[in-house]
Amino acid sequence: MQRIEDYTPFVGQPTVDDLRRLAERLRGKVVQHVNSTAVGGGVAEILNRMVPLLNDIGVDARWDLIKGGEQFFDVTKKFHNALQGREEEVTERDLEIFLDTSERNIREVDVHGDVMFIHDPQPIALVRRKNQNKWIWRCHIDVSNPVRKVWRFLREYMVKYDAAVFSAPGFSHKLPVRQFLIAPSIDPLSDKNRDLPPEIIDDVLTKYDIPKDKPIITQVSRFDRFKDPVGVIKAYTLVKRYIPCRLILAGGTADDDPEGLKVLEEVREHAGQDPDIHVLLLPQNDIEVNALQRASDVIVQKSLSEGFGLTVAEALWKGKAVVASNVGGIPLQITHKYSGLLCHSIEGAAFFIKQLLNSPDYALKLGQNGREHIKQNFLLTRHLRDYLLVFLSLFHRGDIVYL
Amino acid sequence: MAVVKRAKQPFRFHTRLHLSELTGLRASTPEELLELIKKVSGSSIYHHTHHFLQQHQYLSPEPPNDFAYWVSAALGEDALGEKLASIDTIQFASIRSLRNKIVETIEAYLEEHPSARRRFAAPGEEFHFIKSVSFVFPTPDAAYDLTEFARILERIGIDSIYFHLFEARLRLGRATNDFSLWIESSLGEKELAERISKLDPYTCTLESLRAKIIQMIRNRPGGQVECRG
Numbered sequence: 147m148q149r150i151e152d153y154t155p156f157v158g159q160p161t162v163d164d165l166r167r168l169a170e171r172l173r174g175k176v177v178q179h180v181n182s183t184a185v186g187g188g189v190a191e192i193l194n195r196m197v198p199l200l201n202d203i204g205v206d207a208r209w210d211l212i213k214g215g216e217q218f219f220d221v222t223k224k225f226h227n228a229l230q231g232r233e234e235e236v237t238e239r240d241l242e243i244f245l246d247t248s249e250r251n252i253r254e255v256d257v258h259g260d261v262m263f264i265h266d267p268q269p270i271a272l273v274r275r276k277n278q279n280k281w282i283w284r285c286h287i288d289v290s291n292p293v294r295k296v297w298r299f300l301r302e303y304m305v306k307y308d309a310a311v312f313s314a315p316g317f318s319h320k321l322p323v324r325q326f327l328i329a330p331s332i333d334p335l336s337d338k339n340r341d342l343p344p345e346i347i348d349d350v351l352t353k354y355d356i357p358k359d360k361p362i363i364t365q366v367s368r369f370d371r372f373k374d375p376v377g378v379i380k381a382y383t384l385v386k387r388y389i390p391c392r393l394i395l396a397g398g399t400a401d402d403d404p405e406g407l408k409v410l411e412e413v414r415e416h417a418g419q420d421p422d423i424h425v426l427l428l429p430q431n432d433i434e435v436n437a438l439q440r441a442s443d444v445i446v447q448k449s450l451s452e453g454f455g456l457t458v459a460e461a462l463w464k465g466k467a468v469v470a471s472n473v474g475g476i477p478l479q480i481t482h483k484y485s486g487l488l489c490h491s492i493e494g495a496a497f498f499i500k501q502l503l504n505s506p507d508y509a510l511k512l513g514q515n516g517r518e519h520i521k522q523n524f525l526l527t528r529h530l531r532d533y534l535l536v537f538l539s540l541f542h543r544g545d546i547v548y549l
Numbered sequence: 030m031a032v033v034k035r036a037k038q039p040f041r042f043h044t045r046l047h048l049s050e051l052t053g054l055r056a057s058t059p060e061e062l063l064e065l066i067k068k069v070s071g072s073s074i075y076h077h078t079h080h081f082l083q084q085h086q087y088l089s090p091e092p093p094n095d096f097a098y099w100v101s102a103a104l105g106e107d108a109l110g111e112k113l114a115s116i117d118t119i120q121f122a123s124i125r126s127l128r129n130k131i132v133e134t135i136e137a138y139l140e141e142h143p144s145a146r147r148r149f150a151a152p153g154e155e156f157h158f159i160k161s162v163s164f165v166f167p168t169p170d171a172a173y174d175l176t177e178f179a180r181i182l183e184r185i186g187i188d189s190i191y192f193h194l195f196e197a198r199l200r201l202g203r204a205t206n207d208f209s210l211w212i213e214s215s216l217g218e219k220e221l222a223e224r225i226s227k228l229d230p231y232t233c234t235l236e237s238l239r240a241k242i243i244q245m246i247r248n249r250p251g252g253q254v255e256c257r258g
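Protein chains in written order, with this note's numbering: chain A, 147 to 549; chain B, 30 to 258.
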């Protein structure tokens, strides 16, 4: 388990000291996180890091899960899609299933935090247990253009919270509760991001039968339509007309994502028999993901919608040139032509990939700037600090707070 | 042996961390931007003219305020962007006067270029108003003389330097930055205090400001003298 001191080499002693001082101001308060899955997906990944570190600096942080069967997660997946702007048929029966499971969780989850930190829509209804304690709803999804019906349904719960947290400015709506902007983060010490010796990178390439004979383009993402893996194959095909290259599409699926395997099948169909396309299902193998990113020449994140797009931060942290869609939290991580390239289409993505493969010095400079930007703004310690400040904001009003 | 002057009241270093609060307010046209700039809280004007200082410690690729960046990048009004970027923030003693200058600049431009009123941002590229919530708290560091002061300045967090140079002056309404205030009132070093107050902190990174102030302290007449006893 990581200790806060382990981050000092990356962020400096004053930053670590400030975190401890903020934590002192929360002494005696219990912070209880609740979400729907312990593994898979960005939320579980963040909580697995964040909860032990909060405890290490002296905050009593705990983490609980709600329960939900297949039907419940099918409905919440529809909610997830609709919140990201995809038309979904959400029926009255779907809403009943959501409400029934929520009722059970409202009865069964042990709600005991002074600060309740509820992640995403699945456990949102727990706020009915609110009494004297403080409740925060943390939305990890791109809700810039939600389907109105689902937004209105969930808004009834949102307005009962003391505060809501979103990952990008465009996700905020007019709500009668305070809303904070907190971008997620990456952990420089995790298996996914730590430095790797070249032998490990080579071993992983060998394991998946990926020769180093051509430049490698990679997208690491859950197999999800919003990540547009088929669009990435189309962009690769446009690049390959001029530059020999390989494409790696690597990712896993999460417990609460029943669509994942269907999308994976579609991707395999589109890849056909091209021996230079490597479609890899990597359930929770962070070192392998790390190695594949480090082995790549260009990293792509061609999402159609994105809660934040942590894989962009991971790639930039490794000093890689990135081509990514101008959606969700991605423009917070990439300033176009300064720390990466932002695209709006398959053709645009293909053009920028070609540009980077033909200009390695330019690619290197973008990668260096990108790493520095991530170091300043998107490491776990900044995220931890923002969470502590949100907790404190619940107990102190005003725009200038003296602690 | 010369001895550096010791103050009766030490300089106590504080630090400031900030949280971005979303307002849900957004603008798509220059006129919407103007109207909201007039209406939003001072904390929002402060955020959009200062957050870049802490986000880009390495190299700033952006014009130094969000309004300037947005009118250039999203509306394509580069000339207005340049006018907003070149507002000399250090000349303004309060957020209110800074806000007035931004409003006057946009109004004058729209008067002169009526066609700019028809510009609008593409969906997804609207200007989102955010406000800055500051949390101020003391650090354990305190200096009684300039030698101690420079030593602490060498290692203190960048957020502390930011607080004493920027926030204390503009947001908390103090006459000058905290460093100059203490150096003049507690140590009587008027010339050094003035030199620090004349730095234009808006065109430097915080690390380079740190280095410049330490250099000014050490290079002043008698500045190499160590405090004994």
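Glycine included, every Cβ here is placed at the ideal spot set by N, Cα and C.
Can you check which of these residues, the options, is closest to residue i by C-alpha distance?
{"i": "residue 444 of chain A", "options": "A:457, A:537, A:450", "result": "A:457"}
{"i": "residue 382 of chain A", "options": "A:287, A:228, A:500, A:286", "result": "A:500"}
{"i": "residue 225 of chain A", "options": "A:361, A:241, A:466, A:212", "result": "A:241"}
{"i": "residue 215 of chain A", "options": "A:239, A:206, A:244, A:277", "result": "A:244"}
{"i": "residue 217 of chain A", "options": "A:170, A:513, A:246", "result": "A:246"}
{"i": "residue 537 of chain A", "options": "A:272, A:163, A:475, A:308", "result": "A:308"}
{"i": "residue 545 of chain A", "options": "B:243, B:106, B:73", "result": "B:73"}
{"i": "residue 147 of chain B", "options": "B:215, B:104, B:188, B:183", "result": "B:104"}
{"i": "residue 119 of chain B", "options": "B:66, B:243, B:204", "result": "B:204"}
{"i": "residue 168 of chain B", "options": "A:229, A:161, A:262, A:190", "result": "A:161"}
{"i": "residue 533 of chain A", "options": "A:312, A:515, A:390, A:268", "result": "A:312"}
{"i": "residue 414 of chain A", "options": "A:432, A:380, A:430, A:278", "result": "A:380"}
{"i": "residue 76 of chain B", "options": "B:184, B:50, B:132, B:171", "result": "B:50"}
{"i": "residue 82 of chain B", "options": "B:244, B:237, B:242, B:246", "result": "B:237"}
Can you give me the C-alpha to C-alpha distance between residue i and residue j, rounded to a whole angstrom?
{"i": "residue 240 of chain B", "j": "residue 45 of chain B", "result": "20 Å"}
{"i": "residue 222 of chain A", "j": "residue 289 of chain A", "result": "14 Å"}
{"i": "residue 286 of chain A", "j": "residue 227 of chain B", "result": "44 Å"}
{"i": "residue 359 of chain A", "j": "residue 528 of chain A", "result": "39 Å"}
{"i": "residue 191 of chain B", "j": "residue 235 of chain B", "result": "7 Å"}
{"i": "residue 481 of chain A", "j": "residue 316 of chain A", "result": "16 Å"}
{"i": "residue 54 of chain B", "j": "residue 387 of chain A", "result": "46 Å"}
{"i": "residue 141 of chain B", "j": "residue 159 of chain B", "result": "29 Å"}
{"i": "residue 170 of chain A", "j": "residue 302 of chain A", "result": "35 Å"}
{"i": "residue 225 of chain B", "j": "residue 348 of chain A", "result": "54 Å"}
{"i": "residue 248 of chain B", "j": "residue 221 of chain B", "result": "10 Å"}
{"i": "residue 335 of chain A", "j": "residue 454 of chain A", "result": "20 Å"}
{"i": "residue 434 of chain A", "j": "residue 442 of chain A", "result": "12 Å"}
{"i": "residue 485 of chain A", "j": "residue 34 of chain B", "result": "48 Å"}
{"i": "residue 39 of chain B", "j": "residue 329 of chain A", "result": "38 Å"}
{"i": "residue 250 of chain B", "j": "residue 143 of chain B", "result": "56 Å"}
{"i": "residue 232 of chain B", "j": "residue 98 of chain B", "result": "16 Å"}
{"i": "residue 110 of chain B", "j": "residue 305 of chain A", "result": "37 Å"}
{"i": "residue 100 of chain B", "j": "residue 514 of chain A", "result": "28 Å"}
{"i": "residue 371 of chain A", "j": "residue 362 of chain A", "result": "22 Å"}
{"i": "residue 345 of chain A", "j": "residue 213 of chain A", "result": "42 Å"}
{"i": "residue 107 of chain B", "j": "residue 66 of chain B", "result": "19 Å"}
{"i": "residue 428 of chain A", "j": "residue 511 of chain A", "result": "30 Å"}
{"i": "residue 324 of chain A", "j": "residue 310 of chain A", "result": "6 Å"}
{"i": "residue 260 of chain B", "j": "residue 145 of chain B", "result": "Because chain B in this structure spans residues 30 to 258, residue 260 of chain B falls outside the shown range and cannot be described."}
{"i": "residue 41 of chain B", "j": "residue 171 of chain B", "result": "4 Å"}
Would residue i count as contacting chain E if we go by Cβ distances under 8 Å?
{"i": "residue 46 of chain B", "result": "Chain labels in this structure do not include chain E; the protein chains are A and B."}
Quick one: measure Cβ to Cβ for residue i and residue j, integer angstroms, because I've assumed they're closer than 8 Å.
{"i": "residue 410 of chain A", "j": "residue 350 of chain A", "result": "Rounded, the Cβ-Cβ distance is 20 Å, inconsistent with contact."}
{"i": "residue 339 of chain A", "j": "residue 151 of chain A", "result": "Actually they do not touch by this definition, with Cβ atoms about 18 Å apart."}
{"i": "residue 281 of chain A", "j": "residue 270 of chain A", "result": "In fact, because the Cβ distance is near 10 Å, the residues do not count as touching under 8 Å."}
{"i": "residue 404 of chain A", "j": "residue 219 of chain A", "result": "6 Å"}
{"i": "residue 149 of chain B", "j": "residue 78 of chain B", "result": "Incorrect: roughly 23 Å between the Cβ atoms, too far for contact."}
For the ligand PLP, I want to know if residue i counts as a neighbour, meaning its beta carbon is within less than 7 Å of at least one of the ligand's heavy atoms.
{"i": "residue 115 of chain B", "result": "Absence of the ligand PLP is noted for the structure shown, with no ligands found whatsoever."}
Exercise for review: Say whether the segment 225-235 of chain A touches the segment 169-185 of chain A, bearing in mind that this needs 3 or more beta-carbon pairs closer than 8 Å, one atom from each stretch.
Suggested key: Judged by Cβ distances under 8 Å, the segment 225-235 of chain A makes no contact with the segment 169-185 of chain A, as fewer than three pairs qualify.
message: For the structure I just gave you, are there three or more beta carbon pairs, one from the segment 126-134 of chain B and one from the segment 149-163 of chain B, closer than 8 Å?
response: Fewer than three Cβ pairs drawn from the segment 126-134 of chain B and the segment 149-163 of chain B lie within less than 8 Å of each other, which leaves the two stretches out of contact.
ask   = At which residue ranges does the segment 387-463 of chain A contain complete beta strand (DSSP E) runs of 3 or more residues, listed in the order of the chain?
value = The segment 387-463 of chain A contains these whole beta strand (DSSP E) runs: 392-397, 423-427, 444-447.
### Query
What are the complete alpha helix (DSSP H) segments, minimum 4 residues, inside the segment 41-97 of chain B?
Whole alpha helix (DSSP H) segments, 4+ residues: 59-68, 71-84.
Exercise. State whether the segment 487-498 of chain A contacts the segment 514-530 of chain A, with contact taken as three or more CB pairs (one from each stretch) at a distance under 8 Å.
Key: Touching, no, given that fewer than three Cβ pairs across the two stretches are closer than 8 Å.
| query | Curious, which full-length beta strand (DSSP E) runs of at least 3 residues does the segment 357-382 of chain A contain? | reply | Runs of the beta strand (DSSP E) inside the segment 357-382 of chain A: 362-366.
Assess contact between the segment 186-204 of chain A and the segment 155-174 of chain A, defined as three or more Cβ pairs (one per stretch) separated by less than 8 Å. Is contact present?
Short answer: they touch.
- Query: Which ranges does the alpha helix (DSSP H) cover as unbroken runs of at least 4 residues, wholly within the segment 89-144 of chain B, from first to last along the chain?
  - Reply: Runs of the alpha helix (DSSP H) inside the segment 89-144 of chain B: 95-102, 107-114, 124-141.
Original post:
Fully enclosed by the segment 155-204 of chain B, which alpha helix (DSSP H) runs are 4 residues long or longer?
Top reply: Listed in chain order, the complete alpha helix (DSSP H) runs (minimum 4 residues) inside the segment 155-204 of chain B are 175-184, 187-191.
Next item on the list: Could I get the ranges of all uninterrupted alpha helix (DSSP H) runs contained in the segment 274-345 of chain A, with 4 residues as the minimum, in chain order?
Entry: Within the segment 274-345 of chain A, complete alpha helix (DSSP H) segments of at least 4 residues are found at 294-304, given in chain order.
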